[in-house]
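Numbering (my numbering), first residue to last: 199 to 591.
Positions of the beta carbon are idealized from the N, C-alpha and C atoms, including for glycine.
On a predicted model such as this, the values are computed, not experimentally measured, just so you know.
Since the structure comes first, as structure tokens, the remarks are kept for the end.
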Ligand code: FEO
């Protein structure tokens, strides 16, 4: 891909990765991703904002072929999908200074062995002049690492946000056109990596000049020419109340737990509560993370195996605990054969969740009349709790 012009002073560079299917050996990428870098040309100096994932380094170097000089390479975030090609850029432009937060400097030295003399660290709010263009750096820690910052190009009112507001979405559309598609991808990305740091994201949203941004240019996914779209979405995900929705991750070995999930779901729907079930062995974990962004209640369907919770359910509960969603209630349902410590084990795994635990429902073998009655009571309790909090669909 050749460089693409955003305006007279700013070019998109980078790489579209349509084929990548997994990030961090963990996060599914059903729509691939992009690694966006941006070249900002001032009247006196030139800055490259971020680089690309190392396998795409040659693509970026080719895009820079006609660029005679780079004075600054801004590294917003030390993770290698943005910083990994820095050594190649410095080899080609040895006089370029790596501009980053003090914390990022140490991380880049550790991760990429960049020599200390290549760095120019900047403070929160500091500015660098490129002549007729000014880069202002704003610390936005914990998006999703501690060293992260964004750059505001003052004269053009463009916010270069790196992972913040990004979406794993490979598309040749430089600017957002299909807002629904980008909304889903950005929400998924928020749920997967930023939701655990919700309180820090809230502070970061306050720090950026949100009423004076003409465009948000992230380092994954298309650029937002209408920033209010993604700013409002983030405010809802971070600050809004949870929805009148139950997320139901479950595993069923011989169908008993599935019967319980189906019965509970019918009871909840009958009482006006939305449900999103996820059969964990067949689930895209990114979809589960997306659903957790808004969930009012989480109910795990967990069969007992080897005297404890099914390992795949443990994985689901571990993930939910790690992602720290804003859900207010939690419960467990499931079938067991002869005993075990399923509830005790799972109860010890949810310390990050600020939830009220509702009475679990465990059935011995195939669920019977008493179990279905208990599931109805659980559905009633969830509907009542959601109504008391005024949660809406
Ligand atoms: Fe896109 Fe946290 O790296």
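Closer than 7 Å: residue 397 CB and nearest the ligand FEO heavy atom: no
Continuous beta strand (DSSP E) stretch holding residue 210: start and end: 208–215
Cβ-heavy atom distance, residue 308 to the ligand FEO, below 7 Å: no
Proximity winner among 431, 390 and 256, relative to residue 225 (alpha-carbon distances): 390
Candidates 469, 398, 506 and 514: closest to residue 480 by CA position: 514
When 525, 535 and 560 are compared against residue 541, the one with the closest alpha-carbon: 560
Per DSSP, the bridge partner or partners of residue 499: 448 and 531
Boundaries of the beta strand (DSSP E) in which residue 273 is found, first to last residue: Here residue 273 belongs to no beta strand (DSSP E), and DSSP marks it neither H nor E.
Residue ranges of each beta strand (DSSP E) within the stretch 501–581, 3 or longer: 527–534 and 559–562
Local Cβ density within 10 Å of residue 592, reported as buried at 16 or more and exposed below that: Because the chain here runs from 199 to 591, residue 592 falls outside it and cannot be looked at.
Closer than 5 Å: residues whose CB approaches a heavy atom of the ligand FEO: 277, 279 and 361
Residue 452, buried or exposed, once every other Cβ within 10 Å from all chains shown has been counted against 16: exposed
Alpha carbon of residue 180 to alpha carbon of residue 564, nearest angstrom: As shown, the chain starts at 199 and ends at 591. That puts residue 180 outside it, with no answer to give.
Per-residue DSSP class, three states only, for residue 251: coil
Assumed close pair residue 374, residue 423 - CB separation to whole angstroms, cut-off 8 Å: 7 Å
Closest by C-alpha distance to residue 202, when choosing among 428, 421, 474 and 488: 421
Identity of the residues DSSP links to residue 332 by a beta bridge: 327
Start and end residues, beta strand (DSSP E) containing residue 476: 472–477
Cα-Cα separation between residue 307 and residue 454, rounded to whole angstroms: 53 Å
Beta strand (DSSP E) segment containing residue 455, residue limits: Element bounds for residue 455: not the beta strand (DSSP E) but the alpha helix (DSSP H), 454–468.
Cβ contact (3+ pairs, closer than 8 Å) linking the stretch 385–400 and the stretch 504–511: no
Cβ shell of residue 295 (< 8 Å), same chain only, five flanking positions each side left out: 269, 270, 271, 316, 317 and 318
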